[in-house]
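Please read the structure below before turning to the comments.
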Amino acid sequence: MNIPSSLYKYTTFDSATRIIQNQSFRWSSILDFNDPFESRFHLDEKNENNAIRLMAIASSITCKLLTVNDTNTIYEQFKEKRPDKYQELVKANNIINTYIKLFIKNKTVDNYLNIEKAIRRSMSISDIMEKTIYGYKGFIDATHKIIKEKLGVLCLSKIPNNHLMWSHYAQNHTGIMFEIDIEKLKECTVIANTLKKIKYTEQFPEITFEIIKGMNEELFPEEAKKLFEALLLTKQEIWNYENEYRSIIPIKNLAENGLFSLPKECFKSVTLGCAMQEQDRNKILCMIHNHLPETSIFENKINKRNYSLDHLKV
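Just so we're aligned, residue 381 is where the sequence shown starts under the working numbering, counting upward by one.
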């Protein structure tokens, strides 16, 4: 995939001062973004194989056993209609726990697959357990937990001087637009290799039977890559005006607060918003001269004849 020679980051004034001072951007948790549809996905939970794998993969991540209290909670939902089924439920529960314990001691692919087999067997022993597995919702919670805890995301745009981007992300034109030189970025850091273009669609990405395994990145790294890219690189069509590219980095590779520093030569230009206050303008110009002396500086002015911004060299 071809990455544009420049990408743009729209920020508030306060964020811009930190970026200029430290030459660092923040890779944020996707769950903190302004779109409630971020990282949503479609999964056919009524498919038996999917249902079994959902519970197995979540068990392999949390290493949580089904306790007596869990069993009792399940049983309470059915006891009035099925009082004779408690022992079957306990037996099915014990089968699953046996293999979860083995997996906890030795986290291998074979031991994980044995959890899947145990869950399938438990469904044949207890129809109450079968209903529980089909209704299992832990996978979605586990997915969002891993995304939040393990991955940081930096959002950039292909489009310079977009009016909506200035309004949404640069505090109503009072902030800053950074131009990042991607060619310089390729020379200086591995960050360029993490940049991916967002796919815009009206349908949630579908998580297949094979990709479900990617929730356990340690056991299934290739499936994990496909899973996280599907979830983090898909947005609703309504956002296509952003022409967004994202860098996705494991949080363990970032500094405190999700920060990652870029070489100064990667900062190609800085543009000041057309509604920036004079005192903020003076402060930011001083900071740029001190910390990014080779970076070109521009400022926007409202055109006097039409709905456009004049991009002027400072």
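Heads up, the beta-carbon is just placed ideally off N, CA and C, and yes, glycines get one too.
Close Cβ partners of residue i (< 6 Å) along its chain, the five nearest in sequence each way excluded
i	result
Ser502	Ala472, Ile475, Ile476 and Met509
Pro322	Residue 322 lies beyond the range of the chain shown here (381 to 694); nothing can be said about it.
Ser409	Lys528
Tyr549	Tyr390
Leu639	Ser404 and Arg406
Met656	Thr554
C-alpha distance - residue i paired with residue j, whole-angstrom precision
i	j	result
Gln551	Thr588	40 Å
Thr478	His422	31 Å
Leu340	Ser404	No answer is possible for residue 340: the residues shown for the chain start at 381 and end at 694.
Asn429	Ala438	14 Å
Lys615	Glu598	27 Å
Phe393	Asn486	51 Å
Asn542	Lys497	53 Å
His691	Lys681	7 Å
Pro601	Ile591	10 Å
Leu531	Asn686	42 Å
Lys389	Trp619	16 Å
Ala610	Lys684	44 Å
Trp546	Ser688	12 Å
Lys663	Cys654	15 Å
Glu582	Pro416	14 Å
Ala396	Thr554	11 Å
Lys579	Ile631	23 Å
Ile383	Leu534	15 Å
Glu586	Phe413	21 Å
Val489	Leu411	30 Å
Arg433	Ser641	40 Å
Ala604	Lys593	7 Å
Asn623	Lys444	41 Å
Asn637	Glu658	30 Å
Glu418	Glu645	32 Å
Ile480	Asp507	21 Å
Integer-rounded CB distance, given that residue j should sit under 8 Å from residue i
i	j	result
Tyr625	Leu536	5 Å
Ala522	Ile441	5 Å
Pro540	Glu567	Contact flag wrong, Cβ pair sits at about 22 Å.
Ile556	Leu565	Incorrect: roughly 18 Å between the Cβ atoms, too far for contact.
Leu607	Trp407	Not a contact, Cβ separation roughly 19 Å.
Met435	Ile499	6 Å
Lys538	Leu387	6 Å
Residues of its chain near residue i, where Cβ-Cβ distance is below 8 Å and the 5 sequence neighbours each way are ignored
i	result
Ile505	Glu468, Lys471, Ala472 and Ile475
Leu482	Asn491 and Asn494
Ser385	Asp561, Ile562 and Glu563
Thr574	Ser627, Ile628 and Ile629
Arg661	Leu652 and Glu679
Glu617	Tyr580, Thr581 and Glu582
Ile484	Cys443
Val694	Leu652, Leu665, Ile677, Phe678 and Glu679
Asn427	Phe589
Below-8 Å beta-carbon distance, residue i vs any chain D residue
i	result
Asn680	Included in the structure is just one protein chain, with no chain D present.
Residues bridged to residue i (per DSSP)
i	result
Lys389	Phe558
Val650	Phe558 and Ile677
Gly532	Ile629
Phe405	Phe640
Leu575	Ser627
Ser537	Tyr388 and Glu624
Leu689	Ile682
Gln616	Thr581
Glu603	Paired residue(s): none; Glu603 is not in a bridge.
His422	Glu586
Residues of its chain near residue i, where Cβ-Cβ distance is below 7 Å and the 5 sequence neighbours each way are ignored
i	result
Phe584	Arg420, Phe421 and His422
Leu544	Tyr621
Could you tell me whether the stretch 666-682 touches the stretch 647-658, using the rule of 3 or more Cβ pairs below 8 Å?
yes
Three-pair Cβ contact test at 8 Å for the stretch 383-403 versus the stretch 653-671:
yes
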